[in-house]
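Structure first, commentary second.
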Amino acid sequence: MMRNLLILSLIVLLCGCGEPRLPSPFQASDVSAQYAGADFHLADHTGKPRTLADFRGKVVLLFFGYTHCPDICPATLADLAQVVRSLGQDAERVQVLFVTLDPERDTRELLTQYVPAFHPAFLGLYGDAQATREAASAFGMIYKKQDGNDSYTLDHSTGTYLIGASGKPMLLAPYGQRVEVLVQDVKLLLRMAHP
């Protein structure tokens, strides 16, 4: 019995001897290792082909959703508009991207009306069903069509990706994250880009 306690104590002691981890200054979850190579090949609502490389040098706030979403998507886009307005001149170094998960209904024309209504600098991104699946999969997004009486909805995972100016996904902010907390994380990413 004493031997087992000694071994258990030694194991617990050794577990604490790993590399010390400093607390992160960010409020959002670090996903830099999980999504290191994530990218997309889509078109924006002006018809221009886009990848993450097009936004290198800017902090990107990336959100997946759809225009017929009754609650989460418009609430998130409204919050992101508040974030951008709160940044003042730094907003020029930030790009918000809305990727539709509903290419069947979310046409270029619809995205052109919907996305800039939240903020004129926001871009809506779309692709065919395959490109949409690939983009969602690259970022670990899960979505599923739910048929209704006259139409359908999409169940989808939520959260906003914060992508550093290097073009690498860094953080995932949960749905409903307070605007001031998102602003703080964006400012930290901007400082990392231009210390």
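Per the working numbering, the very first residue in the sequence shown carries number 87; after that it's consecutive. Every residue, glycine too, gets a C-beta built ideally from N, C-alpha and C.
Going by DSSP in three states, residue 156 sits in which element: helix, strand or coil?
Reading the sequence shown from its first residue, position 70 is the one you call residue 156. Correct three-state label for residue 156: coil.
Option in 217, 147, 126 with minimal Cα separation from residue 276:
Walking along the sequence shown from the start, residue 276 turns up at place 190. Among 217, 147, 126, the Cα nearest to that of residue 276 is on 147.
Using 10 angstroms around the beta-carbon of residue 249, count the other beta-carbons present and answer buried if the total reaches 16, otherwise exposed.
On the sequence shown, position 163 is the one that residue 249 refers to. Flag for residue 249 reads buried.
Under 9 Å, do residue 164 and residue 260 count as touching if we go by C-beta distance?
Counting from 1 along the sequence shown, the entry for residue 164 is found at position 78. Counting from 1 along the sequence shown, the entry for residue 260 is found at position 174. For residue 164 and residue 260, no; Cβs fall outside 9 Å.
How about residue 222 and residue 190: are their beta carbons less than 9 Å apart?
Along the sequence shown, read from residue 1 onward, the residue named residue 222 stands at position 136. Along the sequence shown, read from residue 1 onward, the residue named residue 190 stands at position 104. Going by C-beta atoms, residue 222 is not nearer than 9 Å to residue 190.
Would the region 131-140 count as touching the region 235-245 if we require 3 or more Cβ pairs under 8 Å?
no
Pairwise C-alpha distance: residue 141 and residue 251
The residue you call residue 251 lines up with position 165 of the sequence shown. The residue you call residue 141 lines up with position 55 of the sequence shown. If you take the alpha carbons of residue 251 and residue 141, they lie about 8 Å apart.
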